[in-house]
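Presented below is the structure to which this report refers.
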Amino acid sequence: RKEVEQDPGPFNVPEGATVAFNCTYSNSASQSFFWYRQDCRKEPKLLMSVYSSGNEDGRFTAQLNRASQYISLLIRDSKLSDSATYLCVVNWRSGYSTLTFGKGTMLLVSP
Amino acid sequence: DGGITQSPKYLFRKEGQNVTLSCEQNLNHDAMYWYRQDPGQGLRLIYYSQIVNDFQKGDIAEGYSVSREKKESFPLTVTSAQKNPTAFYLCASSPGLAESTDTQYFGPGTRLTVL
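Keeping their order, the protein sequence lines are chains U and D. If you count the first sequence from 1, position 9 lands on 9 in our numbering, and the numbers rise without skipping. Here our numbering runs 111 ahead of the position in the second sequence, where the first position is 1.
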């Protein structure tokens with residue numbers, strides 16, 4: 001069974017805090033991994049892809065641990081505008097993408 | 112502007128009626144997808160199409176139908192056979208590369224409410 005599990009939250013943090021989200025996936029043969037951001041009542045938007053070596057984009061760092069089958073997203077120096085739901089997404093196979101989405105983790109950043 | 116458009120943004124339907132949701136993209140993407148999202152749930156795949164005139168069922172295809180007559184367009188029909196059609200419907204497209212890093216981009220969605 002193909003599952004992607006996330007802590008639903010919400011994570012309530014003050015501005016400037018560092019927050020980490022974890023995600024586990026069930027299929028060890030999974031091919032590619034992503035974090036999407038979804039604002040309330042809007043469509044998901046790609047935040048970043050996740051590579052085996054780990055990757056960073058400004059305040060955001062994503063890491064992949066294939067042996068333990070988990071993915072993480074670290075947000076440093078949180079901003080009010082980071083408040084959203086973060087979706088962990090897995091592509092099970094190579095080739096055309098057939099994604100499986102986690103239910104998302106909600107982040108609320110307060111002043 | 113390049114992107115994915117969906118219309119209408121909000122749609123109300125009476126029980127027993129079929130309704131068609133529009134999805135258009137001008138990104139020259141080969142692949143297109145339909146998902147539904149329910150409150151507190153992850154996105155679930157309804158149908159996808161990798162190329163014109165071809166499409167495959169996703170995880171929850173029952174009560175839905177699609178067509179892919181043009182590369183740019185992938186309309187979704189919600190039929191009266193769909194038992195719980197009220198949901199947020201999202202269309203996506205991807206380049207359709209034969210690589211594991213094929214990335215999907217989403218339209219703004221259509222909120223369907225059955226009265």
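For every residue, glycine included, the Cβ atom is placed at its ideal position computed from N, Cα and C.
Whole angstroms are fine: how far does the CA of U/Val109 sit from the CA of D/Gly174?
Approximately 40 Å between the Cα atoms of the pair.
Three or more C-beta pairs closer than 8 Å, one from the region 125 to 138 of chain D and one from the region 146 to 162 of chain D: is that the case here?
Contact between the region 125 to 138 of chain D and the region 146 to 162 of chain D is absent, because fewer than three Cβ pairs lie under 8 Å.
Quick one: Cα of U/Asn55 to Cα of U/Pro14, how far?
Roughly 25 Å between the two C-alpha positions.
Taking C-beta pairs closer than 9 Å, name the residues in chain U that D/Gly186 reaches, listed in chain order.
Per the sequence shown, the amino acid found at residue 186 of chain D is Pro instead of Gly. Correct list: empty, because the minimum Cβ distance to chain U is about 18 Å.
In its own chain, which residues sit with a C-beta less than 6 Å from the C-beta of U/Arg76, not counting the 5 before and 5 after it?
Cβ within range, chain order: Thr18, Arg59.
For a test of the three-state rule: what should DSSP assign to D/Ser184, helix, strand or coil?
D/Ser184 falls in the strand class under three-state DSSP.
For the region 124 to 143 of chain D, enumerate the residues whose C-beta is nearer than 9 Å to any C-beta of chain U, in chain order.
Under the 9 Å Cβ criterion, the region 124 to 143 of chain D contributes Asp141, Ala142.
Less than 7 Å between C-beta atoms, sequence neighbours within five positions excluded: which residues of the same chain meet that for D/Val225?
Only Arg124, Glu126, Pro196, Thr197 meet the Cβ criterion.
Taking the DSSP output, what are the residues bridged to U/Phe21?
Looking at the DSSP assignment, U/Phe21 forms a beta bridge with U/Leu73.
Going by DSSP, name the residue or residues bridged to D/Thr116.
Paired residue(s): D/Glu135.
Can you pull the chain U neighbours of D/Leu201, defined as C-beta to C-beta under 9 Å?
What D/Leu201 touches in chain U: Glu43, Pro44.
Under 8 Å, Cβ to Cβ, is there at least one residue of chain U near D/Tyr158?
Not one chain U Cβ lies under 8 Å of D/Tyr158.
Work out the CA separation of U/Phe21 and U/Thr85 for me, nearest whole Å.
In a straight line, the C-alpha of U/Thr85 is about 11 Å away from that of U/Phe21.
Classify D/Ser191 as helix, strand or coil using the three-state DSSP reduction.
The answer is coil: DSSP assigns D/Ser191 none of H, G, I, E or B.
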